[in-house]
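Asks: Protein sequences, first through last, are from chains A and B.
Following the working numbering, the numbering of the first sequence begins with 4 at its first residue and continues without gaps.
Following the working numbering, the numbering of the second sequence begins with 4 at its first residue and continues without gaps.
There are 2 protein chains.
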Amino acid sequence: MKVLNKETDYAVRALISLGMKSDGWVSAKALSDEQTIPYQFLRRILQELIRNGLVESKEGAGGGVRLAKEPGLIAVAEVIEIFQGKVQLSECMFRKQLCSNRANCVLRHEIMRIEKMVNQEFSQITIGKLIDDLKAVEAMKG
Amino acid sequence: MKVLNKETDYAVRALISLGMKSDGWVSAKALSDEQTIPYQFLRRILQELIRNGLVESKEGAGGGVRLAKEPGLIAVAEVIEIFQGKVQLSECMFRKQLCSNRANCVLRHEIMRIEKMVNQEFSQITIGKLIDDLKAVEAMKG
DNA sequence: AATTTCTGATACTAATTTAGTATCAGTTAA
DNA sequence: TTAACTGATACTAAATTAGTATCAGAAATT
Numbered sequence: 004m005k006v007l008n009k010e011t012d013y014a015v016r017a018l019i020s021l022g023m024k025s026d027g028w029v030s031a032k033a034l035s036d037e038q039t040i041p042y043q044f045l046r047r048i049l050q051e052l053i054r055n056g057l058v059e060s061k062e063g064a065g066g067g068v069r070l071a072k073e074p075g076l077i078a079v080a081e082v083i084e085i086f087q088g089k090v091q092l093s094e095c096m097f098r099k100q101l102c103s104n105r106a107n108c109v110l111r112h113e114i115m116r117i118e119k120m121v122n123q124e125f126s127q128i129t130i131g132k133l134i135d136d137l138k139a140v141e142a143m144k145g
Numbered sequence: 004m005k006v007l008n009k010e011t012d013y014a015v016r017a018l019i020s021l022g023m024k025s026d027g028w029v030s031a032k033a034l035s036d037e038q039t040i041p042y043q044f045l046r047r048i049l050q051e052l053i054r055n056g057l058v059e060s061k062e063g064a065g066g067g068v069r070l071a072k073e074p075g076l077i078a079v080a081e082v083i084e085i086f087q088g089k090v091q092l093s094e095c096m097f098r099k100q101l102c103s104n105r106a107n108c109v110l111r112h113e114i115m116r117i118e119k120m121v122n123q124e125f126s127q128i129t130i131g132k133l134i135d136d137l138k139a140v141e142a143m144k145g
C-alpha cells in the first residue's frame with residue numbers, strides 16, 4: 004500500500020529544493036538535473052503546482068520557477084491533495100448490501116475519523132519543517 | 004487516493020457476512036450472490052483469507068467456508084495487510100538526493116509515525132465491532 | 001531581427017497495478 | 001456416479017500511474 008505516488012514524491016522534493024534556494028528563478032531543467040527527476044514529467048508537475056498557487060513562474064530566457072509562498076505555509080497535505088485527491092475509502096464498502104442509510108452509517112463514520120486524523124497530520128508537515136529537519140540531519144553529519 | 008481496494012473491500016464484506024451467520028458452512032456461490040461480488044474474484048479472495056487463517060474451508064458438496072476465529076479477533080488491519088501490504092511511503096522520497104542517511108532520516112521518521120497511527124486505528128476496528136455497529140444501525144431503523 | 005532559453009498547454013505512449021475470468025484437478029455428500 | 005463444492009493457478013481486460021513528445025509563445029541576449 005503506497006501512500007505517496009511519484010508525482011507527489013517529486014513535487015515534494017522539488018518544493019524542498021526550491022525552498023532551500025531563496026534567491027531567483029530556477030529552471031525546470033536545473034531542478035530536473037539536481038533531483039534526477041525526468042524532465043518532462045517534472046515540467047507537468049511544476050505546471051500543476053503553479054496552477055495551484057504553490058509555485059510561480061517567469062517565462063523566457065533567465066526565467067524559471069520559485070516558491071509562491073513561505074515554505075512554512077506549504078503543507079504536504081496540499082501537495083497530496085493536488086496529485087492524489089482527498090483521501091477516501093473505497094466507495095462501495097458501505098453500499099446498499101450492508102448499510103442502506105449512508106448518512107447514519109457507523110462504519111463509514113469510523114473510517115472518516117481515521118482519514119481526518121491522517122489529513123491533520125499531513126497538514127502539520129510543511130515544506131519548511133522538512134527543510135529544517137533536513138538541515139538538522141546535515142548538521143549532525145558535520 | 005483510495006485507501007481500500009476491491010479485494011480488501013470484498014474481503015471485509017465477506018467476513019462480516021460470515022460473522023453474522025454463526026452456523027455451518029457457506030458456499031462461495033451463496034456469498035457471491037448475497038453480496039454481489041464476482042464469483043471467481045471472491046473465490047480467490049476467500050482462498051487468500053484461508054491461507055492467512057482468517058477463514059477455514061470444507062471441500063466437497065455441502066462444504067464451504069466459515070470464520071476461523073471470533074469476529075472480534077479479526078482486525079481490519081490484518082485484512083488490509085493481506086491484500087494491500089503494509090502501509091508504506093514511496094520508497095524514493097528519502098533517497099540519496101535528500102537524505103543520505105536513511106536510518107537517521109527525520110523525514111522518514113515523521114511519516115512512519117503517521118503510518119503507525121493509522122495501523123493502530125485499523126487494528127482496533129474488528130469484524131466483530133463492524134457487525135455490532137451494523138446491528139445497532141439496523142435496530143435504529145426499527 | 002534572430003537565436004537561445006525558458007514556460008504554457010496538451011496529446012500521446014509505456015509500464016504497472018487492479019479487477020475480473022476461466023479451467024482443471026480433487027474432495028465429499030447424496 | 002454425479003452434483004456441489006474447494007485448491008491451485010493461469011489468463012485477460014480495464015484502469016491508473018509514469019513517463020515522453022511537440023508546438024506555441026515569452027523574455028533575455030546577441
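Note that the Cβ used here is the ideal one computed from N, Cα and C, for glycine as well.
(1) Can you tell which of B:Q50, B:M23, B:D12 has the C-alpha that lies nearest to the C-alpha of K138 of chain B?
(2) Give the straight-line distance between the Cα atoms of S35 of chain A and L18 of chain A, rounded to the nearest whole angstrom.
(3) Would you be able to state if there are at least three C-beta pairs under 8 Å between the stretch 67–84 of chain A and the stretch 38–46 of chain B?
(4) Is there at least one Cβ from chain A nearer than 8 Å to V58 of chain B's Cβ?
(5) Using CA atoms only, rank isn't needed, just tell me which of B:E73, B:E84, B:Q50 is closest to S25 of chain B.
(6) Step through the CB atoms of chain A and report whether any lies within less than 8 Å of the CB of Q87 of chain B.
(7) Helix, strand or coil: how does DSSP classify T129 of chain A here?
(8) Would you list the residues sitting across from S60 of chain A in a DSSP beta bridge?
(9) Taking the C-alpha atoms as reference points, what is the distance between D12 of chain B and I85 of chain B?
(10) With DSSP collapsed to three states, give me the class of V29 of chain B.
(11) Say the cut is 7 Å; is the CB of E118 of chain A nearer than that to a heavy atom of the ligand HEM?
(12) Is C102 of chain B helix, strand or coil by DSSP?
(13) Which class does K119 of chain B belong to by DSSP, given the choice of helix, strand or coil?
(14) Ends of the alpha helix (DSSP H) at A78 of chain A?
Replies: For this structure:
(1) Residue nearest to K138 of chain B within the set B:Q50, B:M23, B:D12 is B:M23 (criterion: CA-CA distance).
(2) 12 Å
(3) no
(4) no
(5) B:E73
(6) yes
(7) strand
(8) A:V68
(9) 12 Å
(10) The answer is strand: DSSP assigns V29 of chain B an E or B state.
(11) Among the ligands in the structure shown, none appear at all, so the ligand HEM cannot be discussed.
(12) Residue placement at C102 of chain B is poorly supported in this model, since its pLDDT is 47, which falls under 50; the coordinates still yield a value, given next. It is coil, neither helix nor strand.
(13) helix
(14) Element bounds for A78 of chain A: n/a, residue is neither H nor E.
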